[in-house]
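**Q**
Residue numbers (our numbering): 175 to 505.
Here it is as C-alpha cells:
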C-alpha cells in the first residue's frame, strides 16, 4: 500500500524547484491532500527496492483511449535498466488492460532532463505557455522508436488494441421491472456506500419504481431518467440514472449487481446513457458523487472520463467530506 508521503518525498528529491513551482503557495498538507485525492482516480505503476519507493508513474484517463501522464519519476540512484524495465512492464499491463492508444503529459520548461526523456520516448510538443509544454505521443509511435522498440516487443505492446466494450441494452425503467430487479437490488453489499437499504419486498420495490415512472420531478423542472441495464443475454444487471436539471447540468448514478462486476457492463451502460442524454437534451456537464472509500466506483467514473470537480463545486452542492464530486464535460 503506497502513501502520499513517500510520493511527495520522491518528487521533492528528484524535481526540487519544479515541485515547489507546481505547488505555489501550497503547504505540505495541501500537497499531500492533492496526492490522496488523485490516487482514487488514477492508475499507479510503482517500483520498490527493499520496500522503498524508487520509481513511479501515475496516469489518468482523459477519454477511452487517451490517458494523461500526471507524473513519471525515478530516484537518481536507481535510474537503471532493470528499474526502468520494471516500470515499463507495469505500464505495458495498463496499455493492454485499458486499451491505451494515446498519451499526454505536461513538463516544466526548466526540467530539461524530463523534456529530453519525453522526446526520447517519442513525445512532441502540442501546446505551451511561459512555464510548461504539453506533449503528446501514441503507443504505436513509441513502439516504432528504434531505441525502445525491443523493450516494447518484450512487453507485447506492439499488438495492443483498444479494450472491447460489453454489449448492453438500456430500456426505460418502470414498475413492471420490479420482479426481475428485486433479486439484483436485494444484495446487501451493494448498499455499503449508500444511505438507503435494500427493498424488503417486490411490492415495496414496485411502489418505489412507480414514483419515478413519469420521468419528471413533481414541479416539472427536472428530468428523472432511469434505465434498466440488460447484458448480452438479456438478463437484468441493474440500472443507470440521470437527473437532468433546468441548467442541463446532469447528475448520474449507476447500480449494477456484483454478478456483473469486472465484465465491462457498468462502463458500457453508463457510457451509452451519457450519449443518450447528450443527444436528447444537449447536456454537456455530467456529475457523479461517490464515497471516497468506494474505490471501485471511483475507478469506473475515471475510466468514463470523470475528473475531480473544482474545489468550489463540492461546497456549492453541499458534498459531504466523505464524498468526492467528479465531473465530465463533453466537447
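From the three backbone atoms N, C-alpha and C, an ideal C-beta is built for every residue, glycine too.
Remember, predicted model here, so these are calculated numbers, not experimental data.
#1: Less than 6 Å between C-beta atoms, sequence neighbours within five positions excluded: which residues of the same chain meet that for residue 217?
#2: Quick check: the Cα distance between residue 178 and residue 206, rounded to an integer number of angstroms?
#3: Taking all protein chains shown into account, do 16 or more other C-beta atoms lie within 10 angstroms of the C-beta of residue 226, making it buried, or fewer, making it exposed?
#4: For residue 185, is the classification buried or exposed, using 16 other Cβ atoms within 10 angstroms of its Cβ as the cut-off for buried?
#5: Have a look at residue 505 and residue 481 and give me their C-alpha separation to the nearest angstrom.
#6: With distances taken Cα to Cα, identify the nearest neighbour of residue 364 among 440, 430, 476 and 203.
#7: According to DSSP, what are the bridge partners of residue 232?
#8: Comparing C-alpha positions only, which one of 486, 464 and 444 sits nearest to residue 342?
#9: If we ignore side chains and look at the alpha-carbon of each, how far apart do residue 180 and residue 229 end up?
#10: Quick check: the Cα distance between residue 240 and residue 286, rounded to an integer number of angstroms?
#11: Closest by CA to residue 274, which one among 346, 251, 248 and 243?
#12: Sorted by chain position, which residues of the same chain lie with C-beta nearer than 7 Å to residue 353's C-beta, five sequence neighbours on each side aside?
#13: One question on the structure: do residue 347 and residue 379 come within less than 8 Å of each other, judged by their Cβ atoms?
#14: With C-beta atoms as the reference, is residue 391 less than 8 Å away from residue 401?
#15: Any heavy atom of the ligand ATP closer than 7 Å to the Cβ of residue 365?
#16: Taking only three categories from DSSP, how would you classify residue 503?
#17: What's the gap between the Cα of residue 360 and the Cα of residue 260?
**A** The structure says:
#1: 233 and 268
#2: 6 Å
#3: exposed
#4: buried
#5: 15 Å
#6: 430
#7: 218 and 245
#8: 444
#9: 11 Å
#10: 25 Å
#11: 243
#12: 376
#13: no
#14: no
#15: Absent from the structure shown: the ligand ATP. Ligands present: none.
#16: strand
#17: 44 Å
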